[in-house]
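Chemist: The structure under discussion is supplied below as structure tokens; questions concerning it will follow.
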Amino acid sequence: MRLLAGASGYSYKEWKGNFYPADIKPDAMLAWYAERLPSVEINNTFYRMPKASVLESWAASTPASFRFAIKASRRITHMARLKPEAAADSVGFLYKNLVALDAKRGPVLFQLPPFLRKDLPRLTEFLQLLPDGHGAAFEFRNDTWFADDVYGALKAAGAALCLSEREDNAPPP
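Numbering (the numbering used here), first residue to last: 1036 to 1208.
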């Protein structure tokens, strides 16, 4: 296993003069970032489904060893709430377009909303929607999901558990 470190996003104007040169143009930020860090989490895909042309541009701007972690659209996690019948088209569109990243595609992060409580049958059905080699990781923001049967379902589907810093700084249950 190869461990990669990166930031959650790369195009922050507040980083100019600190991380980036003060005069860097927005279009040059990703290439400059990728010369210094091996991966980045893309968050804007949570708000807008990514176009293949944009993904191709990102891939062309980075070295061969670079990896993109892509946050799945809120259409899937917050609106469809992982319901297969509501999420299937969006999941298909997302993974079809992610092909544009080729070997630079890292994990696809499904960040669930805090109001979504554990529903193992729904999760299990949703996991069946994912294509082979999906690279999915799930970030649960409701404590009801932290259970052995959920971990087992993720493992059986080849998906990962993502742990993140919590607002109360408490460890996950």
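Cβ coordinates follow ideal geometry from the N, Cα and C atoms, glycine included.
Tell me the DSSP secondary structure of Gly-1041 in three-state form.
Modeler: Gly-1041: strand per DSSP, three-state reduction.
Chemist: Looking only at its own chain, which residues have a Cβ that is under 6 Å from the Cβ of Leu-1133, when we skip the five neighbours before and after it?
Modeler: Cβ within range, chain order: Arg-1140.
Chemist: Quick one, which of Pro-1166, Leu-1162, Gln-1146 has its alpha-carbon nearest Asn-1177's?
Modeler: Nearest option by C-alpha distance: Gln-1146.
Chemist: State the DSSP-derived secondary structure class of Leu-1144, mapped to helix, strand or coil.
Modeler: Leu-1144: strand per DSSP, three-state reduction.
Chemist: At 4 residues or longer, and completely inside the stretch 1148–1200: list those alpha helix (DSSP H) runs for me, N to C.
Modeler: Those alpha helix (DSSP H) runs which fall completely within the stretch 1148–1200 and span 4+ residues are 1155–1164, 1183–1191.
Chemist: Whole angstroms are fine: how far does the CA of Lys-1051 sit from the CA of Glu-1202?
Modeler: Looking at the two C-alpha atoms, the distance is approximately 27 Å.
Chemist: Could you work out which residue in Phe-1103, Ile-1077, Leu-1158 is closest to Ala-1182 when comparing CA atoms only?
Modeler: Residue Leu-1158 is the option with its Cα nearest to Ala-1182.
Chemist: What are the boundary residues of the beta strand (DSSP E) that includes Val-1075?
Modeler: Looking at the DSSP string, the run of the beta strand (DSSP E) that includes Val-1075 is 1074–1077.
Chemist: Below 7 Å between beta carbons: does that hold for Ser-1125 and Arg-1110?
Modeler: Cβ atoms of Ser-1125 and Arg-1110: closer than 7 Å.
Chemist: Determine the contact status of Leu-1072 and Gly-1041, defining contact as a CB-CB distance below 7 Å.
Modeler: Going by C-beta atoms, Leu-1072 is nearer than 7 Å to Gly-1041.
Chemist: For Ala-1172, which residues in the same chain have their Cβ closer than 6 Å to its Cβ, ignoring the five residues on either side in sequence?
Modeler: So the list reads Pro-1142, Leu-1144, Ala-1195, Cys-1197, once near-sequence residues are dropped.
Chemist: With 16 as the cutoff for other CB atoms within 10 Å, does Pro-1206 come out buried or exposed?
Modeler: Per the 10 Å Cβ criterion, exposed.
Chemist: Using 7 Å as the threshold, is the C-beta distance between Met-1080 and Lys-1048 below it?
Modeler: For the record, residue 1080 in the displayed sequence is Thr; it is not Met. No, the Cβ-Cβ distance between Thr-1080 and Lys-1048 is not below 7 Å.
Chemist: Does DSSP put Arg-1071 in a helix, a strand or coil?
Modeler: Here Arg-1071 sits in coil by DSSP.
Chemist: What separation, rounded to the nearest whole angstrom, lies between the Cα atoms of Asp-1058 and Tyr-1045?
Modeler: In a straight line, the C-alpha of Asp-1058 is about 15 Å away from that of Tyr-1045.
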